[in-house]
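What follows is a single structure, written as structure tokens, with notes after it.
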């Protein structure tokens, strides 16, 4: 009896369901992706699919195009999000909660629904769908992920640091660039990681907002995976994407860890 | 040398009102000479930091003006003022190392890298931090961070250095060391220091002049000796050091009565038979073993001949408690009339000892009483036979209302003694809290601040603590009603 109690009061015991979940839904799929990438349709070991990717100009082109779209989207989010976070974190700003709420509110709705609504909005105003619409939609979707970590770091920042900078002769502009920006970098890194990575692999938003005219890397993967005989090639593309995301998040994490952004 | 303005800083009638209408500063005026070490001293919330922030430029005064070297800087932003601040929590930039923290101001001024290096090195040497240039600031101890903050401020060669409770985060030993270092630094640099603290010992040790503040107002400005020996009001006497504060009557110039006897003193100009407050420092009372029957000038228990001879008024009492305080003993002595005195002496007199006491005339400090016997309120007679004052309705005796009709504006007066305080605030007609306590030898003089923001003065024998919530009760017969005109005469 007491042994049972001991088992159930141990933290380790309660971790097991989660470990099991992660094994089944995180580790196993990764192994499967690796397996499919390294085998052909008959299950025999091959590196052919990798070779195919590096010779496949359309895939590489799409890959770099996706990176570019993700880059622009991240830059756009940062450009819009930083000032928003800064305004909300300012001491004399009376309603930061309301404003934060307004930014978060769209996230209550599924992002696909929101994208469909965006398409309708573009149609209503007679605006063309395409690259512009895609950037708009992506920015609209991912902006909160940029604002929130930046707002967090800015809000936690000691206001006396800004006062100290002003006291030492820095005007508002100088104290912003020399103190506020460097100190908010952990939040910026978190924001970048959280916007950049999902944008690279996005596909549904791209399809909806461009009438399937623009293919992003995510769409490409989806296309291959849903085509039975190209499953293995799709797995290779997934793996390439995974490596890229892993590398970017590794760079971001180094700085984000210290000030505790969202990642 | 060019002849500049007489004062480096002039604060003229500065008030700072916050959005809720409360005054953080209320008509504050202060002049500081070049090279002075001035300390602004007061309890938390007294407005001392607000005053410093107005001088630094982080807050703008609601009214009044601040002059730096004769120039109006009331609305000048902080980065254009020739002052630098050492912040309470240091406010070092965590993303920069020690060198770059100190060099921050110089780099903004675009000084040559060689000059910056030289100046930073010199400032760090002054702050005893040589060799710490490359350290990250969060690897430093509190004392070291404090030194970086000081170096970062003085490297800019400011005309005035503002220090906002710079030592409050350090432990006692460290604080004493830093006090000495700051004093030396002030002498070396020769610039003006304005230092904010709530620690009276620190203020007395460091400063050329002390500014005592309370509730947004300056209570007294003077040298540490002035402030200690001649406090101008009860607040200063009570806040600076220990003191015996008693109610007395000024009989005539140089003659005062308190605790049932008359004493010679040296103060003049308080009129005749006027109520005053008397302050005697615990170390200024001479004490010797005596049961009061010995009328000679000195006692037999006074081998060192410490008690001054001459015609001094003596009084007698019994030692209640005696605590060893390191250098001296601190004793509480109770007189037969029920007055309690705090006395510090190098000699030990055990509880139960009957002792004689005397104080030299120059050690009796007389202060004008700011208020005595009565609280005065504005009131209004109501239809139901009650009177409204302090935002509440009170029952009064019928005879008090004779000659008044409904709606008449009246002056209400209530003796300090006649206000009853209740433990439970619901039991009072009004509720409030104990805002200030003064022990007057045989009773407590309390300031009660009501929830509506009024102050009442209460004399009581009961012991209350600062901040205690109380209910206020005033019996009908204690309320006296006067015509408003009568009071104005």
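Protein chains in written order, with this note's numbering: chain A, 0 to 262; chain L, 553 to 1041.
C-beta: ideal position from N, C-alpha, C; glycine also.
The structure presented is a predicted model; accordingly, all values stated were derived computationally and were not measured.
Inter-residue Cα distance where the pair is residue i and residue j
| i | j | result |
| --- | --- | --- |
| residue 884/L | residue 905/L | 11 Å |
| residue 128/A | residue 94/A | 35 Å |
| residue 614/L | residue 969/L | 39 Å |
| residue 12/A | residue 26/A | 20 Å |
| residue 151/A | residue 882/L | 54 Å |
| residue 216/A | residue 231/A | 16 Å |
| residue 682/L | residue 703/L | 11 Å |
| residue 62/A | residue 113/A | 25 Å |
| residue 752/L | residue 917/L | 19 Å |
| residue 973/L | residue 576/L | 29 Å |
| residue 816/L | residue 929/L | 36 Å |
| residue 634/L | residue 992/L | 46 Å |
| residue 839/L | residue 871/L | 10 Å |
| residue 920/L | residue 794/L | 19 Å |
| residue 45/A | residue 23/A | 26 Å |
| residue 67/A | residue 646/L | 34 Å |
| residue 76/A | residue 85/A | 14 Å |
| residue 233/A | residue 669/L | 59 Å |
| residue 801/L | residue 823/L | 10 Å |
| residue 926/L | residue 914/L | 31 Å |
| residue 73/A | residue 64/A | 14 Å |
| residue 675/L | residue 651/L | 10 Å |
| residue 667/L | residue 748/L | 32 Å |
| residue 1028/L | residue 728/L | 55 Å |
DSSP state of residue i mapped onto helix, strand, coil
| i | result |
| --- | --- |
| residue 36/A | helix |
| residue 267/A | No statement about residue 267/A is possible, as the shown extent of chain A runs from 0 to 262 and does not include it. |
| residue 155/A | helix |
| residue 781/L | helix |
| residue 894/L | strand |
| residue 746/L | strand |
| residue 163/A | helix |
| residue 712/L | strand |
| residue 596/L | coil |
| residue 650/L | helix |
| residue 665/L | helix |
| residue 870/L | strand |
| residue 966/L | strand |
| residue 1050/L | This structure leaves residue 1050/L out entirely; chain L is present only between 553 and 1041. |
| residue 183/A | helix |
Nearest candidate by alpha-carbon position, reference residue i, set the options
| i | options | result |
| --- | --- | --- |
| residue 29/A | 239/A, 41/A, 45/A and 229/A | 239/A |
| residue 886/L | 762/L, 582/L, 659/L and 796/L | 796/L |
| residue 1033/L | 957/L, 1023/L and 990/L | 957/L |
| residue 772/L | 966/L, 591/L and 987/L | 591/L |
| residue 108/A | 60/A, 139/A and 15/A | 139/A |
| residue 1016/L | 1008/L, 1030/L, 987/L and 1036/L | 987/L |
| residue 869/L | 894/L, 875/L and 1014/L | 894/L |
| residue 568/L | 1031/L, 609/L and 1014/L | 609/L |
| residue 719/L | 924/L, 949/L, 1011/L and 750/L | 750/L |
| residue 901/L | 875/L, 664/L, 890/L and 889/L | 875/L |
| residue 52/A | 186/A, 189/A and 37/A | 37/A |
| residue 206/A | 142/A, 226/A, 115/A and 193/A | 115/A |
| residue 1002/L | 1025/L, 996/L and 1014/L | 1025/L |
| residue 716/L | 984/L, 596/L and 676/L | 596/L |
| residue 106/A | 146/A, 133/A, 134/A and 82/A | 146/A |
| residue 193/A | 168/A, 248/A and 222/A | 248/A |
| residue 941/L | 890/L, 996/L, 1008/L and 1014/L | 1008/L |
| residue 724/L | 694/L, 700/L and 708/L | 694/L |
| residue 737/L | 764/L, 699/L and 765/L | 699/L |
C-beta atoms of residue i and residue j nearer than 8 Å
| i | j | result |
| --- | --- | --- |
| residue 643/L | residue 159/A | yes |
| residue 792/L | residue 604/L | no |
| residue 566/L | residue 618/L | yes |
| residue 636/L | residue 721/L | no |
| residue 612/L | residue 600/L | no |
| residue 808/L | residue 828/L | yes |
query = Along the region 615-635 of chain L, what residues have a CB closer than 9 Å to any CB found in chain A?
reply = Listed by position, the residues of the region 615-635 of chain L near chain A (Cβ gap below 9 Å) are 629, 630, 631, 632, 633 and 635.
task = Mind checking the region 651-664 of chain L against chain A and listing, in chain order, the residues whose C-beta falls within less than 8 Å of any C-beta there?
result = Within the region 651-664 of chain L, the residues whose Cβ lies closer than 8 Å to any Cβ of chain A are, in chain order, 656, 657, 660 and 661.
query = Listed from N- to C-terminal order along the chain, which residues in the region 578-611 of chain L have their beta-carbon within a distance smaller than 9 Å of any beta-carbon of chain A?
reply = Going along the region 578-611 of chain L in chain order, one finds 605, 608, 609 and 610 with a Cβ nearer than 9 Å to chain A.
request  = Could you name the residues of the region 173-184 of chain A whose beta carbon sits closer than 9 Å to any beta carbon of chain D, in the order they occur along the chain?
outcome  = This model lacks chain D altogether, as its protein chains are A and L.
key: Cβ-based contacts, 8 Å cut-off: residues of the region 142-170 of chain A near chain L   = Listed by position along the chain: 157, 159, 160, 162, 163, 164, 165, 166, 167, 168, 169 and 170.
ask   = Which residues, taken in chain order from the region 707-721 of chain L, show a beta carbon closer than 8 Å to some beta carbon of chain A?
value = Those would be 708, in chain order.
Near-chain A residues of the region 755-777 of chain L - C-beta to any C-beta below 8 Å = Those would be none; no residue qualifies.
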